[in-house]
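To keep things clear, I will list the structure first and then write my remarks on it.
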Amino acid sequence: MGSIILFGPPGAGKGTQAQRIVDRTGQPQVSTGDMLRAAVAAGTDVGIEAKGYMQSGALVPDEVIVRIIQERLTEPDAALGVMFDGFPRTIPQAEALDRIETIDAVISIEVPDDEIVGRITGRYTCKSCGRVFHDLHLPLPKTGCPCGSFEELRRADDSEATVRARLETYHAQTRPVAEHYDRAGVLHRINGVGDVEEISNAILAALGVE
Ligand SMILES: [Zn+2]
453 MGSIILFGPP GAGKGTQAQR IVDRTGQPQV STGDMLRAAV AAGTDVGIEA
503 KGYMQSGALV PDEVIVRIIQ ERLTEPDAAL GVMFDGFPRT IPQAEALDRI
553 ETIDAVISIE VPDDEIVGRI TGRYTCKSCG RVFHDLHLPL PKTGCPCGSF
603 EELRRADDSE ATVRARLETY HAQTRPVAEH YDRAGVLHRI NGVGDVEEIS
653 NAILAALGVE
């Protein structure tokens with residue numbers, strides 16, 4: 453049994469779906485950031501090597517990342533494969549991953565850019581308790597937040613221009629990698645607009661774990 457890969461732009465609900473996939477498949481969710489931190493903390497040979505790059509402010513080379521993944525895949529909880537989150541980001545990384553692990557399925561959660569911009573830019577939080585509101589879907593009540601506060605906080609990096617720039621970066625990075633897996637016949641494009649439950653069901657059906 454191999455592993456799966458989950459892709460999705462910021463604001464597509466990837467975190468929620470990732471949790472549901474993990475609950476159903478039992479495959480742990482692994483991100484390169486988490487794996488790097490764990491390897492560094494564990495002080496393995498490759499962890500020590502990675503730490504050297506990080507301390508000098510350099511990017512950790514793909515070859516080192518792949519060895520960290522290789523190590524992670526030998527852990528008992530990865531016996532049934534893992535769910536890669538945010539990896540691979542490049543074709544060389546995908547090719548390196550192909551050499552060490554079978555990829556059974558790649559799930560790409562797809563949401564039109566305009567929809568994501570609407571979701572993210574309308575979002576704000578209560579300044580005192582952090583509750584999340586949205587201009588259209590869940591506006592702050594006239595009586596204020598349930599915590600008693602009337603003060604809202606909007607993140608500057610949630611402006612439309614910033615969100616569109618983030619999406620551009622995402623598409624530019626993801627497109628070639630998605631095509632790589634499409635050629636391998638394992639890419640599933642899942643419509644990420646609509647009911648959370650229905651989206652989960654579509655993903656689980658694509659994974660064959662209905
Ligand atoms: Zn509040």
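For the numbering used here, count along the sequence shown from 1 and bump the result up by 452.
Glycine included, each C-beta is placed from N, C-alpha and C at the ideal position.
Residue range of the alpha helix (DSSP H) that includes residue i
i: residue 506; result: 497-507
i: residue 592; result: Taken as a continuous stretch (DSSP letters only), residue 592 belongs to no alpha helix (DSSP H), as it is neither H nor E.
i: residue 484; result: 484-494
i: residue 659; result: 648-659
i: residue 549; result: 543-552
i: residue 525; result: 514-525
i: residue 475; result: 466-477
Cβ-Cβ separation, residue j to residue i (assumed contact under 8 angstroms), whole Å
i: residue 555; j: residue 633; result: 7 angstroms
i: residue 562; j: residue 643; result: 6 angstroms
i: residue 550; j: residue 483; result: Not confirmed; about 19 angstroms, so no contact.
i: residue 640; j: residue 557; result: 6 angstroms
i: residue 481; j: residue 470; result: 5 angstroms
i: residue 546; j: residue 629; result: 5 angstroms
i: residue 636; j: residue 559; result: Actually they do not touch by this definition, with Cβ atoms about 14 angstroms apart.
i: residue 672; j: residue 512; result: No information on residue 672 is available, as it lies outside the stretch 453 to 662 that the chain covers here.
Span of the beta strand (DSSP E) around residue i
i: residue 557; result: 555-562
i: residue 584; result: 584-586
i: residue 575; result: 575-578
i: residue 537; result: 535-537
i: residue 458; result: 455-459
Residue i versus residue j - alpha carbon distance
i: residue 586; j: residue 459; result: 25 angstroms
i: residue 552; j: residue 509; result: 27 angstroms
i: residue 647; j: residue 653; result: 10 angstroms
i: residue 601; j: residue 575; result: 17 angstroms
i: residue 650; j: residue 540; result: 26 angstroms
i: residue 467; j: residue 474; result: 11 angstroms
i: residue 487; j: residue 462; result: 21 angstroms
i: residue 455; j: residue 597; result: 43 angstroms
i: residue 673; j: residue 485; result: In the structure displayed, the chain extends from 453 to 662; residue 673 sits before or after that span and is not available.
i: residue 489; j: residue 594; result: 44 angstroms
i: residue 579; j: residue 592; result: 12 angstroms
i: residue 572; j: residue 615; result: 8 angstroms
i: residue 472; j: residue 478; result: 10 angstroms
i: residue 499; j: residue 542; result: 22 angstroms
i: residue 645; j: residue 568; result: 10 angstroms
i: residue 661; j: residue 655; result: 9 angstroms
i: residue 599; j: residue 617; result: 34 angstroms
i: residue 620; j: residue 496; result: 36 angstroms
i: residue 544; j: residue 514; result: 8 angstroms
i: residue 507; j: residue 613; result: 32 angstroms
i: residue 523; j: residue 517; result: 10 angstroms
i: residue 448; j: residue 625; result: Outside the modelled stretch of the chain, which goes from 453 to 662, sits residue 448, for which no answer is possible.
Checklist line | Below 6 angstroms from a heavy atom of ligand 1 - residues by beta-carbon | finding: 578, 580, 581, 583, 597, 599 and 601
Check: At which residue ranges does the region 596-645 contain complete alpha helix (DSSP H) runs of 4 or more residues, listed in the order of the chain?
Finding: Entirely contained in the region 596-645, the alpha helix (DSSP H) runs reaching 4 residues are, in chain order, 612-635.
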